[in-house]
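Residue numbers (this note's numbering): 24 to 156.
Every residue, glycine too, gets a C-beta built ideally from N, C-alpha and C.
Some notes on the structure that comes next.
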């Protein structure tokens with residue numbers, strides 16, 4: 024492959040690599056929806072470029088994202104659960120996530136229902152037992 028063509032392909036791969044890293048960062052922050060979108064975008068571009076090793080790596084990352092059992096909690100509910108487990112109050116969670124206290128209360132209620140628990144302590148224990156945090 025000529026040097027110019029290789030250089031052009033590498034320049035086009037840089038945004039894909041950035042999207043892959045961004046996807047991993049979003050997943051680490053509990054934003055699985057954005058993580059999936061970023062990884063899927065990187066996958067599409069790697070596929071267009073024929074970058075098989077990078078494509079395989081992104082596919083592997085997507086499988087790991089998909090295989091995580093969230094116990095039917097949304098990405099936002101997982102964020103709230105992590106903050107509840109850290110001992111944060113609804114008011115502090117609302118300020119941290121820039122949402123209303125009422126919305127946090129609704130998320131906490133949904134979490135309790137989905138996990139089959141009735142207290143913040145029980146939700147925290149469940150989260151640790153099932154590796155949700």
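Query, Result
"Between the CA atoms of residue 81 and residue 142 - distance to the nearest angstrom", "38 Å"
"Where residue 90 falls, given that 16 or more other Cβ within 10 Å makes a residue buried", "Note that residue 90 scores 47 on pLDDT, short of 50, meaning its location in the model is unreliable; the coordinates nonetheless yield the value given after this. So residue 90 counts as exposed."
"Between the CA atoms of residue 134 and residue 151 - distance to the nearest angstrom", "14 Å"
"Cα-Cα separation, residue 138 to residue 105", "14 Å"
"Enclosing alpha helix (DSSP H) for residue 108 [first to last residue]", "98-108"
"Inter-residue spacing [alpha-carbon to alpha-carbon] between residue 51 and residue 100", "15 Å"
"Stretch-stretch touch, CB-based, cutoff 8 Å, three pairs: the segment 40-49 with the segment 60-75", "yes"
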